[in-house]
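In our numbering, the protein residues as written are 1011 to 1415. Just so it is clear, CB atoms sit at the ideal spot from N, CA and C, and this is done for glycine as well. Remember, it's a predicted structure, so these values are computed and weren't measured experimentally. Notes to accompany the following structure.
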Ligand SMILES: Cc1ncc(COP(=O)(O)O)c(C=O)c1O
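Structure below.
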């Protein structure tokens, strides 16, 4: 079919040159303040023990903010390397031209994955000798060196070799001439536990890590870069910093626990907006949305907003969510549906079709943070941030120069 006849068959709507395109701010969207990520990286950097560097954890598409812009902003704020969970996430950074060291925090076990690591110069995490030997064979076969980090399980019971095996493994790794040990690390399971000082599990994990490090010292083995802390560990104690900290949540401007909030200045990098698509005037006693889980108690002005659970707003928040308009709070009412939700705008006559509401982030000095969503439904801010779907455009937000420096 010729171009002209295919355009005719489709009624002409497939031609792209002149056709109107959906506006990214028409329905619902995420705005990401890159300057906030940069300022947060700076603020974190200032809080680190002497000699410690910052790894920006940008896995899961930069916790939903967009991995590449976040990685660039974090590097501009002083992050020296990146942490990703998957091979694809590492390749995305390389294809975007980022050339800083990248550690893959997930386990890569297939030779093709490790071959890709070698090609893209990504550092795999080793949990034992099997992957180490694969790396050695791949690297020596291509006449190159491969850099990897050894992970030890000190109490998380997920990835990593048992911590007691650390010295023996390091000795074995030292015999692999094409494998260079870039570092040794472990992951804290409960560093955000309430209380001051170190919680018992973090103390135990640190003791085990320390025991391995002193064993290595006695054997004269150099483990390279030593790292243990996530956001909570980083904010909790400089004693957990070692040579590098791996920071995710705090980089995006959120505290991993209420008792760690305010430890350093942080700014939320994400705001979530949606537009009112329709205003409805209804009487008292009218049921709203699926299952009529809300009934109006008075003659009401309802605002329909084009965002729902298919965008990542948990349905469990139905009747519990609030949104901001001109610094005032509106209650969401009835079941949150796949693509829409309803607000009670009875007390806000200035809200009209086309108005933009803020679901997360700041509006005229009022703030809704991810904890306000996660706590009522028994989850964590990490899951809220990572839950926003690709249907929501990610757009850069402009703002005044960073207030935290
Ligand atoms: C191994 C590892 N290090 C660091 C982080 C960053 O954690 P946080 O977002 O709490 O800073 C994660 C995230 O889950 C992780 O899996």
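- Within the same chain, Cβ atoms closer than 7 Å to the Cβ of residue 1152 are found at 1128, the five residues on either side in sequence being excluded.
- The residues 1078, in chain order, have a CB closer than 7 Å to that of residue 1106 in the same chain once the five nearest residues on each side in sequence are set aside.
- Taken through DSSP and simplified to helix, strand or coil, residue 1117 comes out as strand.
- Contact check for residue 1113 against residue 1139 fails: the beta carbons are separated by 9 Å or more.
- Residue 1197 has its CB nearer than 8 Å to a heavy atom of ligand 1.
- With a cut-off of 8 Å on Cβ pairs, the stretch 1192-1201 is in contact with the stretch 1232-1243, counting three or more such pairs.
- About 33 Å separates the beta carbons of residue 1301 and residue 1278, which is beyond the 8 Å limit, so they are not a contact pair.
- DSSP, reduced to helix, strand and coil, places residue 1096 outside both helices and strands of the structure shown, so it counts as coil.
- Note that the C-beta distance between residue 1285 and residue 1364 is below 9 Å.
- Taking the CA atoms as reference points, residue 1036 sits about 9 Å from residue 1366.
- Distance between residue 1091 and residue 1327, taken at the CA atoms: about 36 Å.
- Looking at the DSSP output, residue 1161 shares a beta bridge with 1195.
- Each residue's CA atom was taken as its position, placing residue 1381 and residue 1323 some 13 Å apart.
- Leaving aside the five residues that flank residue 1088 on each side, the residues in its chain whose CB is nearer than 7 Å to its CB run, in chain order, 1051, 1052, 1055 and 1064.
- In the three-state DSSP reduction, residue 1265 falls in the coil class, being neither helix nor strand.
- For residue 1245, the uninterrupted alpha helix (DSSP H) run begins and ends at 1241-1246, by DSSP.
- The distance from the Cβ of residue 1041 to that of residue 1083 is about 14 Å, inconsistent with a contact at the 8 Å cut-off.
- Where residue 1335 is concerned, the enclosing beta strand (DSSP E) starts and stops at 1332-1335.
- In the DSSP annotation of this structure, the continuous segment of the beta strand (DSSP E) that includes residue 1290 starts and ends at 1280-1292.
- As the crow flies, the alpha-carbon of residue 1343 is around 30 Å from that of residue 1406.
- For residue 1062, there is no enclosing alpha helix (DSSP H), as DSSP marks it with neither H nor E.
- Only exposed fits residue 1029, as fewer than 16 other CB atoms lie within 10 angstroms of its CB.
- For residue 1139, the uninterrupted alpha helix (DSSP H) segment begins and ends at 1139-1151.
- Per DSSP, residue 1055 is one residue of the alpha helix (DSSP H) stretching across 1044-1057.
- Residue 1115 is positioned such that its CB atom lies no closer than 9 Å to that of residue 1157.
- Burial state of residue 1386 is exposed, judged by a 10 Å Cβ sphere holding fewer than 16 other Cβ atoms.
- Beta-bridge annotation (DSSP): residue 1370 is paired with 1282.
- DSSP places residue 1206 in the coil class of the three-state scheme, outside both helix and strand.
- Ranked by how close their Cα comes to the Cα of residue 1167, the residues 1187, 1137, 1268 and 1226 have 1137 in first place.
- Beta-bridge partners assigned by DSSP to residue 1156: 1189.
- Scanning 1403, 1401 and 1393 for the CA closest to the CA of residue 1073 turns up 1393.
- Not one heavy atom of ligand 1 is found less than 8 Å from the C-beta of residue 1222.
- When the alpha-carbon of residue 1148 is set against those of 1169, 1131, 1124 and 1295, the nearest one is in 1124.
- According to the DSSP assignment, residue 1402 belongs to no beta strand (DSSP E), since it is labelled neither H nor E.
- Between residue 1085 and residue 1066, the C-beta gap is smaller than 9 Å, which places the two residues in contact.
- Residues 1265 of the same chain have their beta carbon placed closer than 6 Å to that of residue 1271, with the five preceding and five following residues left out of the count.
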